[in-house]
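**Student:** Take a look at this one; I'll ask things after.
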Amino acid sequence: MFEKDKDITAYTTFGVPAKTALFAEYSSVKELMKIYRSEEFRNNEVLHIGGGSNLLFVNDFNGLILHSAIKDLVRYDKDETNAFVIAGAGVKWTDFVDWCTASGLAGLENLAGIPGEVGASAVQNVGAYGVEAKDVIHTVECLDTLSGKQVVLKNEDCRFGYRDSMFKHEGKGRYIVLHVSFRLKKSNIAEHLDYGPLKNLTESLGHTPTIQETAAEIKRIRDAKLPDPAKIGSAGSFFKNPVVSRYFYQEEMLGRNPDIPCYPVDDHRVKVPAGWLIEHAGLKGFRIGGAEVYPKQCLVIANAADASAKDVIDLSHHIINKVRENFGVVLYPEVNFIDTSIDVTILGSGTSKGVPEVACACKVCRSDSKFDKRLRASALVRTHGLELLIDASPDFRQQALRCDLYHVDAVLVTHSHYDHVGGIDDLRPFCADGALPLYVREDVYDDLGRRLDYCFRDHLYPGVPALDRIKIDDRPFFINGLKIIPINVMHGKLPIFGYRIGDFAYITDAKTIPEEELEKLKGLKVLVLNALRPRKHFAHLSFEEALDLIKRIKPEKAYLTHFNHEAGFHKDIERMLPENVHPCFDGLNIRIE
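First residue of the sequence shown? That's 188 in the numbering used here, and the numbers climb one at a time after it.
Encoded structure:
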């Protein structure tokens, strides 16, 4: 049932070499349920892939990869004009569209030639030439991995958006798509011909195009613009089109190049085509190693000559830097980087007053060492292509500028004390593409609603950060497929959260940790834990108490944070700690492979 050390290069369209520790393919729901109940599923990080058309494995995957081979295809004629087709998630999308057009079923012909599988059509809401999958998807049948039950989601349950659905957000990692049901029209006549190069198709053919002729024309157009996946690997569009304010576009970007095109998003924002920016940054055909900016479509990074993941990543970074240098905007990848390593930056390692404290002349507060300058506690976690902020302290603006932060995917809030949420208003630069998710306890949800009510109104004042408060409890949850485990700890008498992400955990402001929560911390590679000072405090761990907890949890390494000035000089703290325990400092980088 499970293959070990499986080469998965052929399961992605990039063709970049990669392996996985465990691999399983299933051809029925019964086989999937057997996998779901196995120890391999319970004890490993699980990634479900389809056609692999939007993935880049940065390194080998140390977990379990699943792939659907459910390929059944059933047609039900509803009436004289409509038919339902239920397709297994593992059916190749191009084969499915070809089958529908050959069967005289209209609605999907504009989506011909798109790589991937049927399951991905619902996840990605694939679209092209004026048509999106959501226009014809009726229901999506899934396995809910939290409950272990099969569920059928209606079109509206999937919350489809532009190249988006709930399966890419809170549903990612939770739902495994089994079948997709499409509602199609019994017709051979194409209807959606008002988009771009299709506008002249009727004139060039001399008659109204059939769905078969439309599909063939779209394949021809795609083949002329994009690499042939049988010869050149790619993930299609590598970058998202950036969204900027109208003011920035008019005053800054047009000042650099008056020909930059844009498309309106709303009254205050515009979308700029990333391919145009890349081409006019002089990068058409540019190569690093075997990775190339595809000359016919600069939005594509192609595997032109046995590219490694490093080649692709280095080229993407070069593109981002050159576009930023030339036009002042930052491009973000549309491709999912599958990287199980964890990179942590300690943005602040101080307590609520920071170090030095205001109006204090003690020797620590007067220290010239940069290691004794501590902003209020927060951390940035980079993993699986995500950038997650743990708390937004009142010093967040300084912290973001120090580490050249240009993107945040979500914020994990530990509790609502001001030294952990006072920088939330400074999150506004990260809300350009939509509301930024804040994962919060119920009490924090209510507290932020009172204190920052202007951020959560139905009609936001222009410029106010657009934030989406998402209530969480002590159950695990997913952010774009990444499993997050809340850790209940007591801050004096106040219950707050720490968080475990893979082999890393971050706990701040704890005084005690219940026994059942300590179980969640077993097997850690790195633990970051608060330790206020040597002497005891009613709501914070002291040095001795923190070290006792570390002995019980037994992480491979531990780092202490949330110091006040009584903690002493950084160099002295370092000397007094055990070999596998270190004091945090602002800007500390921790790498977990």
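We treat Cβ as the ideally placed atom computed from N, Cα and C, and that holds for glycine. The structure displayed is predicted, hence computed values, not measured ones.
Quick one: any contact between the region 686-697 and the region 567-574, if contact means 3 or more CB pairs under 8 angstroms?
**Tutor:** Contact between the region 686-697 and the region 567-574 is present, because at least three Cβ pairs lie under 8 angstroms.
**Student:** For lysine 540, which residues from the same chain have a beta carbon less than 7 angstroms from its beta carbon, with the 5 sequence-adjacent residues on both sides left out?
**Tutor:** The residue labelled residue 540 in the question sits at position 353 within the sequence shown. Excluding positions up to five away in sequence, the list reads Asn751.
**Student:** Label methionine 440 either buried or exposed according to how many other C-beta atoms from any shown protein chain fall within 10 Å of its C-beta, with 16 as the threshold for buried.
**Tutor:** Walking along the sequence shown from the start, residue 440 turns up at place 253. Looking at its Cβ environment, which holds 16 or more other Cβ atoms inside 10 Å, methionine 440 is buried.
**Student:** Could you give the DSSP three-state label for methionine 188: helix, strand or coil?
**Tutor:** What you label residue 188 is simply residue 1 of the sequence shown in a count that begins at 1. Here methionine 188 sits in coil by DSSP.
**Student:** For lysine 205, report the span of its alpha helix (DSSP H) as first-last.
**Tutor:** The residue you call residue 205 lines up with position 18 of the sequence shown. Before going further, note that residue 205 is alanine rather than lysine in the sequence given. No alpha helix (DSSP H) contains alanine 205, which DSSP labels as neither H nor E.
**Student:** Name the DSSP bridge partner or partners of glutamine 337?
**Tutor:** Here residue 337 is taken as the residue at index 150 of the sequence shown, counted from 1. Paired residues: Leu330.
**Student:** Are alanine 478 and alanine 494 touching if we call contact CB-CB under 8 angstroms?
**Tutor:** In the sequence shown, counting from the first residue as 1, residue 478 sits at position 291. In the sequence shown, counting from the first residue as 1, residue 494 sits at position 307. Against a cut-off of 8 angstroms, the Cβ pair of alanine 494 and alanine 478 comes out as a contact.
**Student:** Out of Leu234, Leu330, Arg615, Thr601, point me to the one whose CA is closest to glutamate 629's CA.
**Tutor:** On the sequence shown, residue 629 is found 442 positions in, with the first residue counted as 1. Ranking Leu234, Leu330, Arg615, Thr601 by Cα distance to glutamate 629 puts Thr601 first.
**Student:** Where does the unbroken alpha helix (DSSP H) through glycine 306 begin, and where does it stop?
**Tutor:** Within the sequence shown, the letter at position 119 stands for residue 306. Looking at the DSSP string, the run of the alpha helix (DSSP H) that includes glycine 306 is 305-311.
**Student:** Between which residues of its own chain and valine 627 is the CB-CB distance below 6 angstroms, once the five residues before and five after are set aside?
**Tutor:** As a first step, residue 627 must be located in the sequence shown, where it is residue number 440. Within the same chain, valine 627 has close Cβ partners Val600, Arg656.
**Student:** Flag this pair as yes or no: are the beta carbons of leucine 371 and cysteine 287 separated by less than 8 angstroms?
**Tutor:** Residue 371 sits at position 184 when you count from the first residue of the sequence shown. Residue 287 sits at position 100 when you count from the first residue of the sequence shown. Yes, these two residues count as a Cβ contact at 8 angstroms.
**Student:** So the candidates are Arg561, Cys449, His594; which of them puts its Cα closest to the Cα of leucine 576?
**Tutor:** Residue numbering aside, residue 576 sits at position 389 when the sequence shown is read from its first letter. Of the listed residues, the one whose Cα sits closest to leucine 576 is His594.
**Student:** Please state whether DSSP places aspartate 264 in a helix, a strand or coil.
**Tutor:** By one-based count along the sequence shown, residue 264 stands at place 77. Three-state result, aspartate 264: strand.
**Student:** Restricting to Cα atoms, I'd like to know which of Asp661, Glu732, Asn508 is closest to phenylalanine 684.
**Tutor:** Taking the sequence shown and counting its residues from 1, one reaches residue 684 at position 497. Measuring from the Cα of phenylalanine 684, the nearest candidate turns out to be Asp661.
**Student:** What's the call for glutamine 437, buried or exposed, on a 16-neighbour Cβ count within 10 Å?
**Tutor:** The count along the sequence shown starts at 1 and reaches residue 437 at position 250. Result: exposed.
**Student:** Is it right to say threonine 538 is buried, meaning 16 or more other beta carbons lie within 10 angstroms of its own, or is it exposed?
**Tutor:** Along the sequence shown, read from residue 1 onward, the residue named residue 538 stands at position 351. So threonine 538 counts as buried.
**Student:** Among Ile273, Leu623, Ala377, Val510, which one has its Cα closest to the Cα of valine 339?
**Tutor:** As a working mapping, residue 339 is identified with position 152 in the sequence shown. Checking every option, the nearest Cα to that of valine 339 belongs to Ile273.
**Student:** Cβ of phenylalanine 756 less than 8 angstroms from any chain B Cβ?
**Tutor:** Here chain B cannot be found, since the structure has a single protein chain.
**Student:** Can you give me the C-alpha to C-alpha distance between tyrosine 405 and glycine 238, rounded to a whole angstrom?
**Tutor:** Start at 1 with the first residue of the sequence shown, and residue 405 comes out as number 218. Start at 1 with the first residue of the sequence shown, and residue 238 comes out as number 51. According to the sequence displayed, residue 405 carries isoleucine and not tyrosine. Between isoleucine 405 and glycine 238, the C-alpha separation is close to 20 angstroms.
**Student:** Unbroken alpha helix (DSSP H) runs of length 4 or more, entirely within the region 271-325: which are they?
**Tutor:** Counting whole runs of 4 or more residues, the region 271-325 contains the alpha helix (DSSP H) stretches 280-289, 305-311.
**Student:** Going by other Cβ atoms of all chains shown within 10 Å of its Cβ, with 16 needed for buried, is glutamate 703 buried or exposed?
**Tutor:** Taking the first residue of the sequence shown as position 1, residue 703 is located at position 516. Burial call: exposed.
**Student:** Report the residue from Asn241, Leu728, Ala622 whose alpha carbon sits nearest the alpha carbon of lysine 427.
**Tutor:** The residue given as residue 427 occupies position 240 in the sequence shown. That would be Asn241, whose Cα lies nearest to the Cα of lysine 427.
**Student:** Output needed for aspartate 498: all residues of its chain with C-beta closer than 8 angstroms, excluding positions within five of it in sequence on either side, in chain order.
**Tutor:** Counting from one through the sequence shown, the residue named residue 498 turns up at place 311. Excluding residues within five positions, the ones whose Cβ falls inside 8 angstroms are Ile475, Gly476, Gly477, Ala478.
**Student:** For tyrosine 693, report the span of its alpha helix (DSSP H) as first-last.
**Tutor:** Taking the first residue of the sequence shown as position 1, residue 693 is located at position 506. Run containing tyrosine 693: none in the alpha helix (DSSP H); it sits in the beta strand (DSSP E), 691-694.
**Student:** Would you list the one or two residues that DSSP bridges to phenylalanine 684?
**Tutor:** Sequence index remark: in the sequence shown, residue 684 carries index 497 (1-based). Beta-bridge pairing links phenylalanine 684 to Asn675.
**Student:** Could you tell me which of Ile252, Gln399, Leu219 sits nearest to alanine 289, measuring between CA atoms?
**Tutor:** As a working mapping, residue 289 is identified with position 102 in the sequence shown. Nearest C-alpha to alanine 289: Gln399.
**Student:** Residue range of the beta strand (DSSP E) that lysine 372 falls in?
**Tutor:** For this step, residue 372 is matched to residue 185 along the sequence shown. Residues 362-373.
**Student:** Should the region 363-370 be regarded as contacting the region 318-331, the criterion being three or more beta carbon pairs within less than 8 angstroms?
**Tutor:** These segments touch.
**Student:** Mind reading off the beta-carbon distance from arginine 456 to alanine 619? Whole number of angstroms is fine, and I expect it under 8 angstroms.
**Tutor:** Numbered from its first residue, the sequence shown carries residue 456 at position 269. Numbered from its first residue, the sequence shown carries residue 619 at position 432. The pair is a contact, with the Cβ atoms about 7 angstroms apart (cut-off 8 angstroms).
**Student:** Three-state secondary structure (DSSP) at threonine 570?
**Tutor:** Here residue 570 is taken as the residue at index 383 of the sequence shown, counted from 1. Threonine 570: strand per DSSP, three-state reduction.
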